[in-house]
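Q: For the first sequence, my numbering begins at 500 and goes up steadily by one.
Heads up, the beta-carbon is just placed ideally off N, CA and C, and yes, glycines get one too.
Values in this document were obtained by computation on a predicted structure and should not be read as measured data.
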Amino acid sequence: MKPPLSLLNPSMLSGSGSLMWFRKGLRVHDNPALEYASRGSTCVYPLFVIDPHYMVLDPNAYSPGSTRAGINRIRFLLESLADLDSSLKKLGSRLLVLKGEPSEVLIRCLNEWDVRKLCFEYDTDPYYQALDDKAKNYASAAGIEVFSPVSHTIFDPADIIEKNGGRPPLSYQSFLKLAGEPSFSLSVELSWMPPVGDVGRCEILQVPTLKELGYVEKHQDEFTPFRGGESEALRRLRESLSDKEWVANFEKPKGDPSAYIKPATTVLSPYLKFGCLSSRYFYQCLKDVYKNVKRHTSPPVSLVGQLLWREFFYTVAFGTPNFDEMKGNKICKQIPWNDDDKLLAAWREARTGYPWIDAIMVQLRKWGWMHHLARHSVACFLTRGDLFVHWEKGRDIFERLLIDSDWAINNGNWLWLSCSSFFYQNCCQICCLHNSLFNMSDCCFQQYNRIYSPISFGRKYDPNGNYIRHFLPILKDMPKEYIYEPWTAPLSVQSKAKCIIGRDYPKPVVLHDTASNECRKKMGQAYALNQRLNGRVSEEDLRKLRRKFDEDEDKQEPKPRRQRQKLIK
DNA sequence: ATAATGTTGGAAAG
DNA sequence: CTTTCCAACATTAT
């Protein structure tokens, strides 16, 4: 195979190697850092560093996995690495896998290998910002050129923030206006790569297997059905794009969160997260489909709209100090969440007693993926809807277990769903337009009133409860009349279904009707506090309000109202 | 100062 | 199947 002209350069003769440092961006297509590394280099070192904290089994973790990641995501990453290695081999190269603390390993490689250029995709996550600073500083001091292009996102978050006067836009619509049409050109498809250089004394590993990282079969009975890797990403992309009508008419909120055999969305999020799929390539493909159909949906609900949500969250996250915390986060409402580890554990272990919630949490554990609206249901339930547990606790669990967990998007959505940010307030638009002649505020309401019901929200999509039956087989024989609230089933029905509530499946940890009303009241008071103090809420203020919540609770007579028993035909 | 703006709820009533 | 109530705003643009 002859090298294309673009890769030939006089400097090839003088011995100039490049180090291509893979982290996300685990792909060969549209990878500007890889393209640059390959251009005019005598050799390229495609490196991936395995950080043991991220990858190696932690026997003390609450679920199978490492200290930071659940087993499904580790598996997804390993599959992605193996696929990348095989793609690189087709180009005449291979992936060099090393193990250790990433900055130490990288610096050792820069020292020992023939490297003139260090190339890696720019990353806005705080972890990489800190890591990359170290790498850039070291490389610059050593006279190594650094090339770090923005290619994980369609837009450069820094550009958008600058356009907005140094602050990130806080609504989707204002983001769209600022962003406008993207201008990027996909990088040239590689047909050939320079050979791997001499690695000296470095001990290069193969892409490890789960077993080699300490995992054994018994750690999980059902793995995510989604395979990692660029090849699978492109296959999935083509499969989704092949139904042009579906692409053109996609409307996110209309999808069915209970569809699991054939999910209602593309399930490309894990591939975007690891960069197995280029968001820019995906964007361009979608635009091509739009060109060839009469009409198509638009942001925020369209498929392009989904990609732009990702851009929005990346931008806000990058421009907001302490984005992943309540304290010190300017865009986050200060709310005295409770610290109830028992409620948190019930939610995490899928034993809240609400089958819709628990089934979603089982899907999270087994698959590492759930539909967007299913995530909404459980996030709302844990925080402002029912349990009033801190959103950071739920965020941590999603971050660990989701195969697509992405720092910016995960934190952004938890801020949103807990009504801590973004999702302050909304008017029903039609209602507002209609009433505008009378009184604009008549139809306005606080968003914290909009609570997802752990019973009726799922039933709306899946009246028979097939989703619950699949992920909570203990309830598989429960009649559909009771499957969303099995504690209301007569004992005879429970016996017949071989599922006694309180023995085989838990009773509800809280009564939704009362708990959600309590939450509404608490949110109202917390919002009032934030408003009164203009956002400057101290820890003492929060403690005081928390005490008041506790007193209010004590005042309540201990007569839990029986939940209404609603039957459907 | 005032106006415009804001991704996707639930239940009951009509 | 559509309307209304829920409780009664914060932020940004003009």
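#1: Here's a check: name, in chain order, each residue in its chain whose Cβ is nearer than 6 Å to the Cβ of L498, leaving out the five neighbours to either side.
#2: Hey, D755 and A763 are a contact pair by Cβ (cut 8 Å); roughly how many whole angstroms apart?
#3: Give the DSSP-derived three-state secondary structure of G884 in the structure shown.
#4: Note the first and the last residue of the continuous alpha helix (DSSP H) segment covering G893.
#5: Starting from L914, follow the beta strand (DSSP E) in both directions and report where the run begins and ends.
#6: So, with DSSP's three-state summary, where would you put S592?
#7: Buried or exposed, going by whether 16 or more other CB atoms sit within 10 Å of the CB of F812?
#8: Just reading off the alpha helix (DSSP H) that G1023 is part of, what are its end residues?
#9: Ignore the nearest five residues each way along the sequence and tell me which others in V766's own chain have a CB closer than 8 Å to its CB.
#10: Quick check on the DSSP output: the beta strand (DSSP E) that includes I549 runs from which residue to which?
#11: By DSSP's criteria, Y598 is part of a beta bridge. Which residues make up the other side?
#12: Please state if the CB of A536 and the CB of V543 are separated by a distance shorter than 7 Å.
#13: Is there contact here, the region 585 to 592 with the region 877 to 887, by at least three beta-carbon pairs under 8 Å?
#14: Helix, strand or coil: which one does DSSP assign to V614?
#15: Compare the C-alpha of D655 against each of S682, A640 and D631 and name the closest.
#16: If you measure between the beta carbons of T623 and E810, is that distance less than 7 Å?
#17: I need the DSSP call for N963, collapsed to helix, strand or coil.
#18: For the region 815 to 826 against the region 978 to 993, do three or more pairs of beta-carbon atoms, one drawn from each stretch, fall closer than 8 Å, so that the two count as touching?
#19: Could you tell me the distance, in whole angstroms, from the CA atom of L842 to the CA atom of T851?
#20: In the DSSP assignment, what are the bridge partners of W520?
#21: DSSP beta-bridge partners for Y1004?
#22: Among the residues of its own chain, which have a CB less than 8 Å from the CB of E1052, if the five just before and after it don't count?
#23: What is the residue span of the alpha helix (DSSP H) that E731 lies within?
#24: Taking the beta strand (DSSP E) that F646 falls in, what are its first and last residues?
#25: Consult DSSP for F1048 and reduce its assignment to one of helix, strand or coil.
#26: Could you compute how far the alpha carbon of M554 sits from the alpha carbon of H870?
#27: How would you label V1008, buried or exposed, when you count the other beta carbons within 10 angstroms and need 16 or more for buried?
#28: Please name the residue in F619, Q833, A878 and P693 whose C-alpha comes closest to that of S515.
#29: Helix, strand or coil, according to DSSP, for L689 in the structure here?
#30: Could you work out which residue in E898, K997, R1019 and L971 is closest to N948 when comparing CA atoms only?
#31: Where does L936 fall in DSSP's three states?
#32: What is the rounded straight-line gap between the Cα of V614 and the Cα of G713?
#33: Kindly list the residues whose CB is nearer than 6 Å to the CB of E620, restricted to its own chain and excluding five residues on each side of it in sequence; keep chain order.
#34: What residue range is occupied by the uninterrupted alpha helix (DSSP H) comprising T814?
#35: Run the CB neighbour count on F944, radius 10 Å, all protein chains shown included, and call it buried at 16 or more, exposed below.
#36: Assign G1011 to buried or exposed, taking buried as 16 or more other Cβ atoms, counted over all protein chains shown, within 10 Å of its Cβ.
A: Reading it off the structure:
#1: The chain is shown from 500 up to 1068; residue 498 falls before or after that span and cannot be answered.
#2: 5 Å
#3: helix
#4: W890 to L900
#5: Looking at the DSSP string, L914 is not in any beta strand (DSSP E); the run it does join, the alpha helix (DSSP H), is W906 to L916.
#6: coil
#7: buried
#8: H1011 to R1031
#9: F725, R735 and W868
#10: C542 to I549
#11: Residue identity differs from the one stated: residue 598 is Lys in this sequence, not Tyr. According to DSSP, which records beta bridges pairwise, K598 is partnered with I549.
#12: yes
#13: no
#14: coil
#15: S682
#16: no
#17: coil
#18: no
#19: 8 Å
#20: L546
#21: I1000
#22: E1017
#23: E729 to S741
#24: E644 to F646
#25: helix
#26: 26 Å
#27: buried
#28: P693
#29: coil
#30: R1019
#31: With a pLDDT of 32 at L936, under the threshold of 50, the modelled position of this residue cannot be trusted; read the value that follows with caution. Looking at L936 - three-state DSSP - the assignment turns out to be coil, as it is neither helix nor strand.
#32: 33 Å
#33: G524, A532, S650 and H651
#34: L802 to G818
#35: With a pLDDT of only 44 at F944, under 50, the local geometry of the prediction cannot be trusted, and the value read off the model is given with reservation. Exposed is the call here.
#36: Looking at the sequence provided, one finds His at residue 1011 rather than Gly. The residue is buried, with at least 16 neighbouring Cβ atoms inside 10 Å.
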